[in-house]
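Colleague: Order-wise, the sequence lines are chains E and Z.
Mapping of the first sequence onto the working numbering: residues 1 to 134, in sequence order.
Mapping of the second sequence onto the working numbering: residues 135 to 899, in sequence order.
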Amino acid sequence: MPDGKSVTVLVADDNEVAQRLCRRVLEKAGHRVLTASDGQEAVNIALADAPDMILMDVAMPLMDGLEAMKQIKDKRPSMVVVIASAHSMAGDRERFLAAGANDVLSKPFRLNDLTDMVAKLVGGGLPAQRAPDK
Amino acid sequence: MSPDPGQPSAAAPSSTKGLVRPATPYAIAGLVALYGLGAAGLSLAGRSGLLVALVLLAGLAVLLAAVVAVAVRDARSMAATVERDSKDLRDSEAWLRAALDHTDVGMGIVDTRGAWLHVNSRLEAMLGRSAADLLATSLPAVTAESQSGVVSDSLAKSAASTDGGWTTETLQVRADGSAFPVSISVTPLGERPASARTFLVQEMDISAAKRAETVRDVMVAVRHAIATSATWEQAAPAVLSSVGSKLGWDVAQLWSEEDDGKMLRLRHSWQADEPRLSEFDRAAHSLALPTTGGLMGRALRSGVAAVNEEVSATSESLIGDAARRAGLTVEVACPVTFGGSVTGLLVLFGRGRRDVDGDVMTMLTVAGSEIGQFIHRSETTVALQRSEADHRAIFERAPIGIARVSAEGELLEGNAALLKMLAHDLETLRTQAWPELLRAYDLAAGRANLAPLLAGISDGGTVQLRAATGDGRWLWLQMSAASIPDLQGKPEHVLLMIEDVTAVRETQDKLGESLSAQQRANADLEKLDRTKTEFLSIVSHEFRTALTGIQGFSELIRDGGLEQDELRAYGGYIFNDADRVNRLIGDMLDLDRMESGRMSIRMADVDINEVLSDTVARAATGSSMVEFKPDLDPRLPIVTGDRDRLIQVVSNLVNNAVKYSPEGGTVTISSRAEGGYALVTVADTGLGIPPDEIAHVFERFRRVRSGAAQSIAGTGLGLTIVKQIVEMHGGKIWVESAVGHGSAFHFTIPLAPEAVTPAMQLRHA
Chain E
1 MPDGKSVTVL
11 VADDNEVAQR
21 LCRRVLEKAG
31 HRVLTASDGQ
41 EAVNIALADA
51 PDMILMDVAM
61 PLMDGLEAMK
71 QIKDKRPSMV
81 VVIASAHSMA
91 GDRERFLAAG
101 ANDVLSKPFR
111 LNDLTDMVAK
121 LVGGGLPAQR
131 APDK
Chain Z
135 MSPDPGQPSA
145 AAPSSTKGLV
155 RPATPYAIAG
165 LVALYGLGAA
175 GLSLAGRSGL
185 LVALVLLAGL
195 AVLLAAVVAV
205 AVRDARSMAA
215 TVERDSKDLR
225 DSEAWLRAAL
235 DHTDVGMGIV
245 DTRGAWLHVN
255 SRLEAMLGRS
265 AADLLATSLP
275 AVTAESQSGV
285 VSDSLAKSAA
295 STDGGWTTET
305 LQVRADGSAF
315 PVSISVTPLG
325 ERPASARTFL
335 VQEMDISAAK
345 RAETVRDVMV
355 AVRHAIATSA
365 TWEQAAPAVL
375 SSVGSKLGWD
385 VAQLWSEEDD
395 GKMLRLRHSW
405 QADEPRLSEF
415 DRAAHSLALP
425 TTGGLMGRAL
435 RSGVAAVNEE
445 VSATSESLIG
455 DAARRAGLTV
465 EVACPVTFGG
475 SVTGLLVLFG
485 RGRRDVDGDV
495 MTMLTVAGSE
505 IGQFIHRSET
515 TVALQRSEAD
525 HRAIFERAPI
535 GIARVSAEGE
545 LLEGNAALLK
555 MLAHDLETLR
565 TQAWPELLRA
575 YDLAAGRANL
585 APLLAGISDG
595 GTVQLRAATG
605 DGRWLWLQMS
615 AASIPDLQGK
625 PEHVLLMIED
635 VTAVRETQDK
645 LGESLSAQQR
655 ANADLEKLDR
665 TKTEFLSIVS
675 HEFRTALTGI
685 QGFSELIRDG
695 GLEQDELRAY
705 GGYIFNDADR
715 VNRLIGDMLD
725 LDRMESGRMS
735 IRMADVDINE
745 VLSDTVARAA
755 TGSSMVEFKP
765 DLDPRLPIVT
775 GDRDRLIQVV
785 SNLVNNAVKY
795 SPEGGTVTIS
805 SRAEGGYALV
815 TVADTGLGIP
825 PDEIAHVFER
835 FRRVRSGAAQ
845 SIAGTGLGLT
855 IVKQIVEMHG
865 GKIWVESAVG
875 HGSAFHFTIP
885 LAPEAVTPAM
895 QLRHA
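Right under this line is the structure:
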């Protein structure tokens, strides 16, 4: 664990490549990573393991990310959920925030954007120390 | 005519006060004779209480005569007695004279030619002449000119017969020329030769009775004129001429108020036939009299009839002058009233002295009231008739159709425009077309939430309906109905306004059609736009998903510090996603070309079995997890097609089958000929497709995401392209599937023409 404190992030994405990328980046930043491949699995893990943050894809089988977020927030209103989606047409970001997302991360993303997002929302990792500079 | 001095009665004194001289035997004898004659005359006349009194006086005179005869015989011996009796006689004579002079009956004695021999004071008063004047004239001379001949003749006849007394009504003329009606009785006196006969004349003034009778006559005439006329205009001449002529006036006029009662104008007039009066009438017609002055103004303001017996230019502004020029001196103005207010004046003009008594004034007042009511009635009637005429004209000449319908729905009337519009005569319209039209109205009204025609119409809503005409055309009619209530407020009949709106309606329909075509086109465009937006959203999502891995792992590699195996793995991810992006672009371009018809197919003979075998062989080398079971019909004829495209179809289906099959699953590839087509089936034992997704599997980006299929990469365009290619070859593609048991994709490709046998064609059909 290089710097800052360690948090647990649940990465919910049906795309295996995206899962691996996020795991690699977040683990390198010192965080613990859980993964889920569909919305239902994401809800189950979120409620069972109570991660500090969830990185949630939207287009997933069985249950999409927005429905999963709603179910999680219904039970754990304080759970931090970031929607990470390749949907980036006009109005998508607003739609996700209106649905209850704490923030939105557009795909593809810069690796720093991901680690900064985690630091900003749950105070974990290296960027927590440089937050005042921003 | 002078009294004959030879006659005994000629000894009668010329005194104006008495019939007898002071008592002398000679005179007494004459007096007795006169009394005898008087008694005989009175007994014959005997017509009134006063005459009865005269009879008694005559009897008394006979008695006195006897007494006097005795007195003469015993004159010398009874001188004292005579002296006493003379006084008694004088007393009696004075009493008699007073009685005769104070009777209400005018009395006189005339000879056979009618010359007055004696007259009493009443007769003097009645005729307005002194006794001396009368004794110098005759009965015919004081009779109105028109009737004096009759009187003369009657006297002559009486002279010729022994018993010829007579009674009649006639007109006497006063010294001032005025006439008055009398009842006259003429009685022969005593037994005398015809030439020396005398007659007792008794006259009674009957003008009051005559006036009452005249007033009655006038009233009857006025009421008759009113009762037999429809309007005041018609009645006016008869009313005015009756009032004027029967009452003996020269002019009768009706003036009415104008300018809010500020002025009076002559509306109707009658005058006696005389040039001066015609002149006066013209002058009166040209006048507008102010209601503030004159007799007329007074009558108008007070509402009471008024008389002016000395008409002058000063007393009557404007009209007084004209009246004087026509010699008119007396004027009566009587209000014409209705409902307590004065609306005009009945005005009479006359000449000379006039008896305008209470009866006449009362009659004029009553006539004024009846005329006023009649004028009002007649004006109301005229107004109603005019209104009726106006409405009739509107009804008949209106350019739109109007129908009057009974409360039972029967057509009562239809105007010319309606008959022309519907090309019917009234009878066929009434009996044939009308009931149908009513039903159509009620149906249309029902759709428009209006009351049916016969339920009573309250609002002005219109309905449009289709109706056939008598000459076989179809019209759009716009109808609006208004119910006309009776006095109790119940709908008595209904007026229908009917307009031919066919032209308007057809234009509207055309506009409506083009409008809805426009709307459809707009909707198509909107849908296209939505589809395009949706497609862009999906495509960008697909690209960004692929780029997420490419960009992310590239960044990791660039930042360095990676193990060798990590580098290799990340390079593999990058390659796969880049490859996917490449395929996505290729598929999209293919699809675009196919859909826009720009993709050409190079047709040639193709052996489908060979395509299938090659594809399976390639797939088998790439995947060792599924078992391939080819089931190819070796007798399958050659097909016509583009070999490369057919390979694309088969490999797509086979790759799908492999992707969706679990480890150890089976992919069966079969071929056979069927009805001129080669039928190819690729079946797997994989996940299967949920029923609600089967219908969509050939749509773009419709990848099955259920269960383990989630991680299977693909462009989402493969099956769409496959379907396009099959259809471009003239074949069909479909899928059968059950979740958990697998899916089977079937497609057909036409066999080459020379390969098709008639039997085959039949089977396929």
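Ideal Cβ positions, reconstructed from N, Cα and C, are used throughout, including at glycine.
1) Look at the alpha carbon of L66 of chain E and the alpha carbon of S671 of chain Z, and state the distance between them as a whole number of angstroms.
2) Quick one: does H675 of chain Z have its CB under 9 Å from some CB of chain E?
3) Give the residues of chain Z in contact with V9 of chain E, contact being defined as C-beta atoms less than 7 Å apart.
4) So for M737 of chain Z, helix, strand or coil by DSSP?
5) Quick one: what's got a C-beta closer than 8 Å to L194 of chain Z's C-beta in the same chain, skipping five residues either side?
6) Work out the CA separation of L545 of chain Z and W568 of chain Z for me, nearest whole Å.
7) Contact between the region 789-803 of chain Z and the region 814-827 of chain Z: three or more CB pairs below 8 Å?
8) If you pair each beta-carbon of the region 702-717 of chain Z with each one of the region 745-763 of chain Z, do three or more pairs fall below 8 Å?
9) Kindly indicate which three-state DSSP category L696 of chain Z falls into: helix, strand or coil?
10) When you check each C-beta in the region 692-713 of chain Z against every C-beta of chain E, which residues fall closer than 7 Å?
11) Determine, using beta carbons only, whether L398 of chain Z and L429 of chain Z come nearer to each other than 9 Å.
12) Does the distance from the C-beta atom of L690 of chain Z to that of L111 of chain E stay below 9 Å?
13) I want to see whether chain E comes within less than 9 Å of L681 of chain Z, judged by CB atoms only; does it?
14) May I have the straight-line CA-CA distance separating S420 of chain Z from T514 of chain Z, to the nearest angstrom?
15) Could you tell me the alpha carbon to alpha carbon distance between A418 of chain Z and V284 of chain Z, rounded to whole angstroms?
16) Let me check understanding here. Comparing Cα to Cα, which of Z:F483, Z:G606, Z:I528 and Z:E633 lies closest to T596 of chain Z?
17) Could you name the residues of chain E that R717 of chain Z contacts, counting a contact when the two beta carbons are closer than 7 Å?
18) Tell me which residue opens and which closes the alpha helix (DSSP H) that W383 of chain Z is part of.
19) How many Å lie between V485 of chain Z and S379 of chain Z at the Cα?
20) Counting only Cβ pairs nearer than 7 Å, list the residues of chain Z close to P108 of chain E.
21) Enumerate in chain order the residues of its own chain whose CB-to-CB distance from A86 of chain E is below 6 Å, with the five nearest sequence positions on each side excluded.
22) Under a three-way DSSP split, which group does D138 of chain Z fall into?
23) Would you say M89 of chain E reaches chain Z, if we count a Cβ-Cβ gap shorter than 9 Å as a contact?
24) Looking at the structure shown, is L126 of chain E part of a helix, part of a strand, or coil, going by DSSP?
25) For the candidate residues E:Q40, E:I54, E:A48 and E:A18, whose alpha-carbon lies nearest to that of V104 of chain E?
26) Count the other C-beta atoms from every protein chain shown that fall within 10 angstroms of the C-beta of K857 of chain Z, then say buried if there are 16 or more, exposed otherwise.
27) Check whether the region 249-265 of chain Z touches the region 303-313 of chain Z, taking contact to mean three or more Cβ pairs, one atom from each stretch, closer than 8 Å.
28) Taking 8 Å as the line, does the beta carbon of A313 of chain Z fall inside it for any heavy atom of the ligand MN?
29) Going straight from the alpha carbon of P327 of chain Z to that of T304 of chain Z, what length do you get?
30) Would T665 of chain Z pass as an interface residue toward chain E - the criterion being a Cβ-Cβ separation below 9 Å?
31) Hey, is L21 of chain E's beta-carbon within less than 9 Å of any beta-carbon in chain Z?
32) If V385 of chain Z and S403 of chain Z are in contact, beta carbons under 8 Å, what's the gap, nearest whole angstrom?
33) Is P2 of chain E close to chain Z, meaning its C-beta is less than 9 Å from at least one C-beta of that chain?
34) From V349 of chain Z to M497 of chain Z, what does the alpha carbon distance come to, in whole angstroms?
35) V25 of chain E CB to nearest chain Z CB: under 9 Å?
36) If we count the other Cβ atoms within 10 Å of its Cβ and call it buried at 16 or more, is D113 of chain E buried or exposed?
Modeller: Concretely, from the data shown:
1) Locating residue 66 of chain E in the first sequence gives position 66, where the first residue counts as 1. Locating residue 671 of chain Z in the second sequence gives position 537, where the first residue counts as 1. Whole-angstrom Cα-Cα distance: 17 Å.
2) Here residue 675 of chain Z is taken as the residue at index 541 of the second sequence, counted from 1. Closer than 9 Å: yes.
3) Stepping through the first sequence from its first residue, residue 9 of chain E is reached at position 9. Per Cβ cutoff of 7 Å: no residues; V9 of chain E is ~15 Å from chain Z at best.
4) Numbered from its first residue, the second sequence carries residue 737 of chain Z at position 603. Of the three classes helix, strand and coil, the one that applies to M737 of chain Z here is coil, per DSSP.
5) On the second sequence, position 60 is the one that residue 194 of chain Z refers to. These residues qualify, in order along the chain: S226.
6) Counted from its first residue, the second sequence places residue 568 of chain Z at position 434. Counted from its first residue, the second sequence places residue 545 of chain Z at position 411. Their Cα atoms are separated by approximately 7 Å.
7) yes
8) no
9) Within the second sequence, numbered from 1, the residue matching residue 696 of chain Z stands at position 562. If DSSP states are grouped into helix, strand and coil, L696 of chain Z belongs with coil.
10) Y707 and D711
11) Translated into the one-based positions of the second sequence, residue 398 of chain Z becomes position 264. Translated into the one-based positions of the second sequence, residue 429 of chain Z becomes position 295. No, the pair does not count as a contact, with Cβ atoms beyond the cut-off.
12) Taking the first residue of the second sequence as position 1, residue 690 of chain Z is located at position 556. Taking the first residue of the first sequence as position 1, residue 111 of chain E is located at position 111. Yes, they are a contact pair.
13) As a first step, residue 681 of chain Z must be located in the second sequence, where it is residue number 547. Taking Cβ atoms only, chain E reaches closer than 9 Å to L681 of chain Z, which makes this a yes.
14) Position 286 of the second sequence, counting from 1, holds the residue named residue 420 of chain Z. Position 380 of the second sequence, counting from 1, holds the residue named residue 514 of chain Z. Taking the straight line joining both Cα atoms gives about 27 Å.
15) Counting from 1 along the second sequence, the entry for residue 418 of chain Z is found at position 284. Counting from 1 along the second sequence, the entry for residue 284 of chain Z is found at position 150. Each residue's alpha carbon lies about 41 Å from the other.
16) The residue labelled residue 596 of chain Z in the question sits at position 462 within the second sequence. Ranking Z:F483, Z:G606, Z:I528 and Z:E633 by Cα distance to T596 of chain Z puts Z:E633 first.
17) One-based indexing of the second sequence puts residue 717 of chain Z at position 583. Chain E residues near R717 of chain Z: none, gap ~15 Å exceeds 7 Å.
18) Numbered from its first residue, the second sequence carries residue 383 of chain Z at position 249. It is not in any alpha helix (DSSP H) - W383 of chain Z carries neither H nor E in the DSSP assignment.
19) Counted from its first residue, the second sequence places residue 485 of chain Z at position 351. Counted from its first residue, the second sequence places residue 379 of chain Z at position 245. One detail in the question is off: residue 485 of chain Z reads as Arg in this sequence, not Val. Answer to the nearest angstrom: the Cα atoms are 13 Å apart.
20) Counting from one through the first sequence, the residue named residue 108 of chain E turns up at place 108. Those within 7 Å of P108 of chain E in chain Z are R678, L681, T682, Q685 and G686.
21) Stepping through the first sequence from its first residue, residue 86 of chain E is reached at position 86. K107, listed in sequence order.
22) In the second sequence, the residue the question calls residue 138 of chain Z occupies position 4. Note that D138 of chain Z scores a pLDDT of 44, beneath 50, so its modelled location is shaky; the value from the coordinates is reported in the next line. In the structure shown, D138 of chain Z sits in coil (DSSP, three-state: anything other than H, G, I, E or B).
23) Taking the first sequence and counting its residues from 1, one reaches residue 89 of chain E at position 89. Chain Z contact via Cβ: present.
24) Position 126 of the first sequence, counted from the start, is the residue given in the question as residue 126 of chain E. For L126 of chain E, the pLDDT reaches just 47, beneath the cut-off of 50, and the residue's location in the model is therefore unreliable, although a value from the coordinates is still provided. Correct three-state label for L126 of chain E: coil.
25) Reading the first sequence from its first residue, position 104 is the one you call residue 104 of chain E. Per the Cα distances, E:I54.
26) Locating residue 857 of chain Z in the second sequence gives position 723, where the first residue counts as 1. Classification of K857 of chain Z: buried, given that the 10 Å Cβ count is 16 or more.
27) yes
28) The model on display carries no ligand, and the ligand MN is accordingly not part of it.
29) Counting from one through the second sequence, the residue named residue 327 of chain Z turns up at place 193. Counting from one through the second sequence, the residue named residue 304 of chain Z turns up at place 170. Answer to the nearest angstrom: the Cα atoms are 28 Å apart.
30) The residue given as residue 665 of chain Z occupies position 531 in the second sequence. Cβ-Cβ to chain E under 9 Å: no for T665 of chain Z.
31) Within the first sequence, residue 21 of chain E is the residue found at index 21, counting from 1. Answer yes: the Cβ-Cβ gap between L21 of chain E and chain Z drops below 9 Å somewhere.
32) Mapped onto the second sequence, residue 385 of chain Z falls at position 251. Mapped onto the second sequence, residue 403 of chain Z falls at position 269. Their Cβ separation, rounded to whole angstroms, is 7 Å, which keeps V385 of chain Z and S403 of chain Z in contact under 8 Å.
33) Counting from 1 along the first sequence, the entry for residue 2 of chain E is found at position 2. Since pLDDT at P2 of chain E reaches only 43, below the 50 mark, its modelled position is unreliable, and the value read off the structure follows with that caveat. With 9 Å as the cut-off, P2 of chain E does not count as an interface residue toward chain Z.
34) For the purposes of this step, residue 349 of chain Z is taken as the residue at position 215 of the second sequence. For the purposes of this step, residue 497 of chain Z is taken as the residue at position 363 of the second sequence. Each residue's alpha carbon lies about 7 Å from the other.
35) Your numbering for residue 25 of chain E matches position 25 in the first sequence. So, interface residue.
36) Locating residue 113 of chain E in the first sequence gives position 113, counting from the first residue. D113 of chain E comes out exposed.
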